[in-house]
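So the sequence shown is numbered by numbering that gives the first Met the number 0: it starts at 0 and just counts up by one.
A virtual CB, placed ideally from N, CA and C, is assigned to each residue, including glycine.
Please read these numbers as outputs of a predicted model, since none were measured by experiment.
Here's the structure, in structure tokens; my notes come after.
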Amino acid sequence: MTLEDIYFIASIFAAFSVVVSLIFVGLQVRQSTIATRAAAAQAVHSNFAGWYTSIQNQPSVLAIIIKGLREYEALNGVEKAQFIAAFMSYSSYHQDAFFKWKDGSLSPELWRGWELVAMNLFMTPGGKEFWAERGYMFSQSFQNYIDTDLMKRAVHPNAKPLGAFKVKDASEKAP
């Protein structure tokens with residue numbers, strides 16, 4: 000066996016090793032992407048679940064949120080502050096989900112579900128008034144999404160924010 004033969008065999012082995020390494024790296028990247036998406040989905044769901052749990056554990060706050068979604072101007076000063084605090088929290092979570100969806104770490108299928116929830120809330124009279132007053136506090140790309148996309152869509156016929164009232168009936172006075 001000549002030095003040239005040894006060199007040729009070593010080159011083949013090196014090329015094979017590089018290919019195996021690239022396959023391994025590709026698999027690792029794929030696994031990392033899957034893990035990142037799972038973590039993003041879990042974080043988004045945890046944020047929203049925490050928000051829902053928080054408001055349902057406080058019936059008086061929940062009543063204020065429902066009142067504010069229906070008729071924002073009917074809230075007194077303290078109620079308005081509670082409504083804004085709750086809706087700012089929700090909106091911040093939704094903005095976080097928006098960025099995770101935009102960067103690909105939240106799947107479009109999961110995003111669509113949370114987007115429908117956002118439509119149920121933002122498309123109410125109170126949601127629209129809240130956004131008109133507070134939307135400037137969010138990132139420009141999120142503002143653009145809410146203003147030029149979400150708010151321009153037709154409300155789903157089954158939309159009932161927090162299960163309390165139909166969005167199309169939101170202008171009716173609470174009993």
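Asked	Found
Cβ pair I63, A163 closer than 7 Å	no
Proximity to Y51 [Cα-Cα], best of D146, V18, E72, F86	F86
Delimiting residues of the alpha helix (DSSP H) encompassing R152	Here R152 belongs to no alpha helix (DSSP H), and DSSP marks it neither H nor E.
Beta-carbon proximity check, F141 vs Q94, cutoff 7 Å	yes
Reduced DSSP category for S138 - H, G, I as helix; E, B as strand; rest coil	coil
Sequence-distant residues of its chain with Cβ nearer than 6 Å to S106 (five each side left out)	none
Collapsed DSSP secondary structure at T123 in the structure displayed	coil
Contact belief for W113 with F47 at Cβ below 8 Å, rounded distance in angstroms	7 Å
Which listed residue (F137, L109, S104, M122) has its alpha carbon closest to that of S88	F137
Backbone CA spacing between L74 and G25 [nearest angstrom]	56 Å
Cβ separation of A177 and K99, assumed to be a contact under 8 Å, to the nearest whole Å	With the chain running from 0 to 174 in the structure shown, residue 177 is simply not present.
Residue burial classification, M122 (beta-carbon count within 10 angstroms, cutoff 16)	buried
Simplified DSSP state of N75, which is helix, strand or coil	coil
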